[in-house]
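**Student:** Quick one: the structure is below, questions incoming.
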Amino acid sequence: MFNLNTFVQLIADGLAQGSIYAALALAIVIVNQTTGLINFAQGGMAVLAAYLGMTASNLLIPVVGSFAGIIGGILFAVGASFALGAALERFVMRRFMGGDPDTAVVATIGLLTLITGLCGLIWTYNYIPYPFFFPSGASFMVGGIAISVWSLTTFLTILAMMLVLQLLFRGTKLGLGLRAISINSRSAALSGIRVGGLLMVGWGLAAALGAIAGVLVAAKVQLVPDMFDAYLVYALAAVIIGGLDSPFGTVIAAWGIAVMENLAAAYLPFVGHDLKIAVPFVALFLVLILKPEGLFGRKVVVRV
Amino acid sequence: MTLLELVDVTASYGPVKVLDGVSLSVPEGGSVGILGANGAGKTTTLRAISAMVRRGGRITFEGKDLRARRPEQVAAMGIAHVPEGRGTLTRLTVRENLRVGAYLRRDAKAVSNDIDYCLDLFPHLRERIGSTASALSGGEQQMLAVARALMAKPTLLILDEPSLGLAPTTAQSVYDAIARLRADSGISMLVVEQNANLAFRVVDSAVVLETGRSVLSGTTAELKGNDDIKKAYLGA
Amino acid sequence: MAALTRLLESSWTRVVIGVAIGVVLVLLPLSSPAFTNQTITRIAVFAVAVLGLNIIMGYAGQVMLGQIFFVGVGAYAAAITVRSDWGAALGFWGVVAAFVLAVLVPGVMGLLVALAAARLRGLAIAMVTIALPIVGVPVAKRLSDITGGSQGISARVFGAPEWTGLDNDQWQYYVVMTIAAVVFALAFFLVRGKYGRAFAIVKENEAVAASMGISPYRYKVLAFTIAAMFGGVAGFLYIAAIQFTSPETLSFGHSIELVIATIVGGAGSIVGSILGGIYYVLVPQLTNAVNPNATAVVQGVIVLVVLFVLPGGLASLPRAIRRLVRRKRGPDVAGPAATERRTPEGITPGAGDALPPRENEERQNR
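Protein chains in written order, with my numbering: chain A, 1 to 304; chain L, 1001 to 1236; chain X, 2001 to 2366.
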């Protein structure tokens, strides 16, 4: 039974949810492009950031009021995330660079376990609400259709983040440096680019992006340590489907996955809400069979 | 005044000793070549200067001990190194490659002037200024690599086998440009080259390496007249 | 000291030690309490699971995050078969059928996943397989008619037959250990033989393998499928030992714990698989006793420490100690491993020995 109201809501929510997947996926792409690693802990780091933001907000709100307190919390989450990401690169992941990438992956899995465990240890495994500008269920009317405020906020925020990142990478010297080290770090070093420092910046940027995604999700579903486990799967699927070397493709794939998932859950009765996570998996399967380098990626030619 | 001096430099990759006593010096404004057969250690010598390999012995630059531990630091001191294989940043455009060369500079106006200068020196690059670097031919990529190094306004330019992988005519035109550069600017250079004929076009003197040691040195004239050199490297 | 080292290294010693351990294992359950037997049985179950993971991770060098999924599927397949009408009716042959299905169903699934995932570079297998437990849990809950939903299924595969005079836990012990021993023997021969060598070449450098006529794709698919089948066997043993399975069995958390156990035990090593099984069963018990909330933190720290300090896992400890001792004694002790090359065992960091440790290692042009 087709209902325009529902349909638009599904699309809107899908785009918003997809933006979260896209943010996490972009973080993974940034790390992969600059340091050549896939960070399985990206989601875990985002969750930690959200917890930090919550704690900071809760401390600030009684002092400076709700609005400023929430902003302060978010800023703290993003800043702490950046620092944490940079530190992790320097002191943990640097060791595994240039080596077997599978070892590095296991290291990030260890990090994921560690970070998730830390969150559980410090903040317990119970659900904790995240103080935000508006309640998670708030919605407004557009032409008689109810749109979730959260969905709109999320979509716009992450879209803005992506534009900022694009500007950074294409228009600034820092971005040029990041791109140079992702292509050939030895050659970049010969031009004086401080490779080590930029590796840290790469991880820091990715972590900061994840932090924003984490805060947004926490605002909707409340904080719990394994909040982003499923999101990680979606993000990885988006990265593979979009192509590891195509940030644009990754974002499109993320939106596509989320919208498809929502529509499938609503209109295909056997899928339902709990099985909708299988949808991206099926899509992933098909893409891998038909176009392994991703919908937007380039065929990789490995020279001996 | 000596710009760069190597005294008894050694270098190893793990247990394998590749350099076993290399000595040479580059005077200010001078141009020196490093000649030798494959595997003699020419590239490793340049890498030792650029802190790309662990080394022993003494290297002084501008009179001071060169104690850098990372290539970035060496570059920041004014040594621009065009590596073996060119190191082209393939996914960036020609213009972006040049801007990377100028990464450490802060004078934006002068940088864009220098870009123009490079494009004059290498007209082929002017035509391709907006193309992705991977689309360039081998010779063009070599010119791009040299131009990129020049963008840093270096005190010393180090070139590692500019003719590598290029057809003879292409190599000649690359050396045309290098010779012109040398004539115009008098920039100090250190050039590794297996093809001695090409090297002699742009250097005043040269050092010959054999199994990691510097065994012979002299001015271009002296070396050209040397029968051993002729037989070994000039195919006489 | 040298004589002792030589004694320890000789293969006779290894055989003697192996036989001694074997004897102990055979006699142990007769005298020890049920709980000990059950614990050792569970260790064997997960050692098999880790062994499967080692085939793909340690020997073929692909990180796989879905092994517990295959264990769970195997367990479900076995449980459902044993409890079904036709399965119960067949008695002993029903158990055999359960075993066969426990191997085949995950095997086929593994094959399908591998066919898709193995095309990309190694990391793609990790990225895809991570989805298996995360998708598997809601599917298991949803198909409650078959799987018993969130409640899970309990199934008694076999009790001790009358004629043996053994208790149930002892009988399970023997059966599980025997099957595990057979599986380990199979793996041993697989790894030592042509396939093992092919896996190693694929792991070192896929392009080189291709040029030698070894198709990386095919061998990755093969390794993956074998791993899934081993997982299925472990699933059957799981039901035999624990007699209950639920969606919780194949959860994401367990999947990661299994990978960690594999690394800590020693990737790419038969002995390491056993150590991994021990780790998987015992360590969470220990940490839960101390502080359940800290379990994850401890696991994370342990795996990171192992990767930093002892990348070959606990199984490589003797080798590492030997190297340390040799280094202390100085270069005049010209042992055969003086210029020891790292054999393709374990997921070790790349040739960091060749170039001095740099802050930024070169990555190839992409």
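Built from N, CA and C at the ideal position, the CB exists for glycine as well.
Remember, it's a predicted structure, so these values are computed and weren't measured experimentally.
Let me see if you follow: with CB-CB separation under 8 Å, is X/Leu2304 close to chain A or not?
**Tutor:** Chain A, which has a Cβ nearer than 8 Å to the Cβ of X/Leu2304, makes this yes.
**Student:** So A/Val106 and X/Ile2263 are supposed to be a Cβ contact under 8 Å. How far apart are they, rounded?
**Tutor:** Indeed they touch by this definition, with Cβ atoms about 6 Å apart.
**Student:** Looking at the C-beta of A/Leu190, does it have a partner C-beta in chain L at a distance below 8 Å?
**Tutor:** Judged by the 8 Å Cβ criterion, A/Leu190 is in contact with chain L.
**Student:** Please list, in chain order, the chain A residues whose beta carbon lies closer than 8 Å to that of L/Val1100.
**Tutor:** Here the neighbours are Leu176, Gly177, Ala180, Ala188, Ser191 and Ile193.
**Student:** Give the secondary structure of L/Arg1126 by DSSP, where H, G and I count as helix, E and B as strand, and everything else as coil.
**Tutor:** The answer is helix: DSSP assigns L/Arg1126 an H, G or I state.
**Student:** L/Leu1136 CB to nearest chain A CB: under 8 Å?
**Tutor:** Chain A contact via Cβ: absent.
**Student:** Take A/Thr154 and list the residues in its own chain whose beta-carbon comes closer than 6 Å to its own, dropping the five residues that flank it on each side.
**Tutor:** Only Ala16, Ser19 and Leu216 meet the Cβ criterion.
**Student:** Specify the secondary structure class of L/Gly1057 as computed by DSSP and reduced to three states.
**Tutor:** L/Gly1057 falls in the strand class under three-state DSSP.
**Student:** Can you tell me whether DSSP reads L/Val1009 as helix, strand or coil?
**Tutor:** Strand at L/Val1009.
**Student:** Can you give me the Cβ contacts of A/Val64 inside the same chain, cut-off strictly under 8 Å, excluding the 5 residues immediately before and after it?
**Tutor:** Cβ within range, chain order: Gly72.
**Student:** If we call anything under 8 Å between Cβ atoms a contact, is A/Ala77 one with A/Ala211?
**Tutor:** Yes, the pair counts as a contact, with Cβ atoms nearer than the cut-off.
**Student:** Any C-beta of chain B sitting closer than 8 Å to the C-beta of A/Asn184?
**Tutor:** Protein chains in the displayed structure are A, L and X, and chain B is not among them.
**Student:** Beta-carbon of X/Leu2123 versus every beta-carbon of chain A: anything under 8 Å?
**Tutor:** Output row for X/Leu2123: interface = yes.
**Student:** So which residues of chain A does L/Gly1087 contact, with C-beta pairs closer than 8 Å?
**Tutor:** Per Cβ cutoff of 8 Å: Asn184, Arg186, Ser187 and Leu190.
**Student:** Cα separation between X/Val2176 and X/Ala2020?
**Tutor:** Distance between the alpha carbons of X/Val2176 and X/Ala2020 is about 20 Å.
**Student:** Specify, as a first and last residue, the run of the beta strand (DSSP E) that L/Gly1021 falls within.
**Tutor:** First-last of the beta strand (DSSP E) with L/Gly1021: Val1016 to Pro1027.
**Student:** To the nearest angstrom, how far is the alpha carbon of L/Leu1098 from that of X/Ala2114?
**Tutor:** The alpha-carbon atoms of L/Leu1098 and X/Ala2114 are separated by roughly 44 Å.
**Student:** With a cut-off of 8 Å on the beta carbons, I'd call A/Phe296 and A/Ser246 a contact; round off their distance for me.
**Tutor:** Sure, about 4 Å apart at Cβ, within 8 Å.
**Student:** Determine, for A/Phe281, whether the minimum Cβ-Cβ distance to residues of chain X falls below 8 Å.
**Tutor:** Yes, contact with chain X.
**Student:** Considering just the uninterrupted stretch of the alpha helix (DSSP H) at X/Leu2120, what are its terminal residues?
**Tutor:** From DSSP, X/Leu2120 is part of no alpha helix (DSSP H); its letter is neither H nor E.
**Student:** According to the neighbour-count rule (16 or more other Cβ atoms, all chains shown, within 10 Å of its Cβ), is A/Tyr267 buried or exposed?
**Tutor:** By the 10 Å Cβ count, A/Tyr267 comes out exposed.
**Student:** How is L/Leu1157 classed by DSSP in three states: helix, strand or coil?
**Tutor:** Of the three classes helix, strand and coil, the one that applies to L/Leu1157 here is strand, per DSSP.
**Student:** Note down, in chain order, each residue of its chain lying with its Cβ closer than 7 Å to the Cβ of A/Asp13, except the 5 sequence neighbours on either side.
**Tutor:** Same-chain partners within the cutoff: Ser148, Ser151 and Asn262.
**Student:** For X/Glu1976, does the three-state DSSP call read helix, strand or coil?
**Tutor:** Nothing in the structure corresponds to residue 1976 of chain X, since chain X is present only between 2001 and 2366.
**Student:** Taking Cβ positions, are L/Leu1006 and L/Glu1028 nearer each other than 8 Å?
**Tutor:** No, Cβ-Cβ distance for L/Leu1006 and L/Glu1028 is not below 8 Å.
**Student:** For A/Leu174, collect the residues of the same chain with a Cβ closer than 6 Å to its Cβ; drop the 5 residues on either side in sequence, then sort them by chain order.
**Tutor:** None.
**Student:** Are L/Gly1212 and L/Val1026 closer than 8 Å when you measure CB to CB?
**Tutor:** Cβ atoms of L/Gly1212 and L/Val1026: not closer than 8 Å.
**Student:** Who are the near neighbours of L/Leu1119 in its chain, counting only those whose CB is closer than 6 Å to its CB and skipping five residues on each side?
**Tutor:** Cβ within range, chain order: Leu1125 and Arg1126.
**Student:** Beta-carbon within less than 8 Å of X/Val1968's beta-carbon, same chain only, minus the 5 sequence neighbours each way: which residues are those?
**Tutor:** Because chain X spans 2001 through 2366 in this model, residue 1968 of chain X falls outside it and cannot be assessed.
**Student:** Answer yes or no: does any C-beta atom of chain A fall closer than 8 Å to that of L/Leu1092?
**Tutor:** Yes, L/Leu1092 lies at the interface with chain A (some Cβ there is under 8 Å from its Cβ).
**Student:** Please state whether DSSP places L/Val1208 in a helix, a strand or coil.
**Tutor:** L/Val1208: strand per DSSP, three-state reduction.
**Student:** Over what stretch of residues does the alpha helix (DSSP H) that includes A/Leu15 continue unbroken?
**Tutor:** Unbroken alpha helix (DSSP H) run through A/Leu15: Leu4 to Thr35.
**Student:** With 8 Å as the threshold, decide whether the Cβ of X/Val2019 is near any Cβ in chain A.
**Tutor:** False, the Cβ-Cβ gap to chain A never drops below 8 Å.
**Student:** Counting only the same chain and skipping the five closest in sequence on each side, list residues whose C-beta sits under 6 Å from that of L/Arg1201.
**Tutor:** Contacts found: Tyr1175 and Ala1179.
**Student:** Just the chain X side, please: which residues come within less than 7 Å of A/Arg368 by C-beta, in chain order?
**Tutor:** The requested residue 368 of chain A is not part of the displayed model; chain A covers only 1 to 304.
**Student:** Excluding the five sequence neighbours on either side, which residues of its own chain have a C-beta within less than 6 Å of the C-beta of A/Gly228, listed in chain order?
**Tutor:** The sequence given here has Phe at residue 228 of chain A, not Gly. Excluding sequence neighbours, A/Phe228 sits near Gly43, Ala46 and Val47.
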